[in-house]
Structures are given as C-alpha cells and as structure tokens.
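Participant:
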Amino acid sequence: MLDAFLPRDIVVAERKDGATELRRLDEEALASWLEDYSLSELYDKNILGGRP
Numbered sequence: 001m002l003d004a005f006l007p008r009d010i011v012v013a014e015r016k017d018g019a020t021e022l023r024r025l026d027e028e029a030l031a032s033w034l035e036d037y038s039l040s041e042l043y044d045k046n047i048l049g050g051r052p
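Counting in UniProt numbering, the sequence shown runs from 1 upward without gaps.
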C-alpha cells in the first residue's frame, strides 16, 4: 500500500522515551534507496522506521 504514495506524503510514527514522535520521510535522503527498492520494500527492511 505504501507504493501508492510519494515519500513526502508518508508520516512515520515511532516511540521515543515514552512519547510518540511523528516525522515525514526525507525524499532526498531516500533517493538512492528508491532507485533499487520500492517504499514497501524499504518498510519491510526497516529502513523507513516505524516498526518495533
């Protein structure tokens, strides 16, 4: 399902120090990854974060 969105449209939620931290994906930082992998593959590899 992530592949239907652009990186800038995705908000990642992570737990840090007992609080929820929300952040948008950095499209420039992911550019080289996105040449070889889809967003859903990057999520599965835990490159995007938001997973335990």
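Even for Gly, the Cβ is constructed at its ideal location relative to N, Cα and C.
What is the DSSP secondary structure of arginine 8, counted as helix, strand or coil?
Facilitator: It is helical.
Participant: In the DSSP assignment, find the beta strand (DSSP E) that holds glutamate 41 and state where it starts and stops.
Facilitator: Careful: glutamate 41 lies outside any beta strand (DSSP E), inside the alpha helix (DSSP H) at 39 to 44.
Participant: By DSSP's criteria, leucine 48 is part of a beta bridge. Which residues make up the other side?
Facilitator: Beta-bridge pairing links leucine 48 to no other residue.
Participant: Going by the DSSP bridge assignment, what does glutamate 14 pair with across the sheet?
Facilitator: BP columns for glutamate 14 point to Glu21.
Participant: So leucine 27 is in the alpha helix (DSSP H); what residue range does that whole segment cover?
Facilitator: The displayed chain sequence assigns glutamate, not leucine, to residue 27. 27 to 34 is the span of the alpha helix (DSSP H), which, as asked, contains glutamate 27.
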